[in-house]
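All remarks here apply to the structure that follows.
What follows is the structure, given as structure tokens:
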């Protein structure tokens, strides 16, 4: 995914992650972009190397109780792409 593929939605999602909104529902809430757009975009951005992700510990999710969250963070390539956007 080169910079020519950064759409408005993907740029907004990268900006949300850069600002500390690190999981899907938070990104949806802050951006107003629908989940049907956010989740596929997160997968594409991760595949392109702009984001890295990890699942939280099951015990943390069970203590709240809710499903485990997948947390995202910008990679160096993601920071560069966001700066260019």
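In the working numbering, the protein residues as written are 2 to 86. Here a beta-carbon is modelled for each residue, glycine too, at the ideal position from N, C-alpha and C. Being a predicted model, the structure only gives us computed values, none of them experimental.
Compare the C-alpha of residue i against each of the options and name the closest.
i	options	result
residue 68	34, 7, 16 and 57	57
residue 44	15, 66, 19 and 85	15
residue 74	55, 27, 60 and 29	55
Grab the span of the beta strand (DSSP E) containing residue i for me, first residue to last.
i	result
residue 53	52-56
Would you list the residues sitting across from residue i in a DSSP beta bridge?
i	result
residue 1	With the chain represented from 2 up to 86, any question about residue 1 goes unanswered, as that position is not in the structure.
Counting along the chain, where does the alpha helix (DSSP H) carrying residue i start and finish?
i	result
residue 80	77-85
residue 1	Any answer about residue 1 is impossible in this case: the structure gives the chain only from 2 up to 86.
Got a sec? Which residues, its chain only, sit under 6 Å from residue i by beta carbon, not counting five neighbours each side?
i	result
residue 6	none
For residue i, which residues of its own chain have a beta-carbon under 7 Å away from its beta-carbon, when the five flanking residues on both sides are left out?
i	result
residue 11	42 and 46
residue 59	69
Comparing the C-beta of residue i with each C-beta of chain D, is any distance below 7 Å?
i	result
residue 65	Looking at the structure shown, chain D is missing, and only one protein chain is on hand.
Residues in the same chain with beta-carbon distance under 8 Å from residue i, minus the five sequence neighbours each way, listed in chain order, please.
i	result
residue 13	32 and 34
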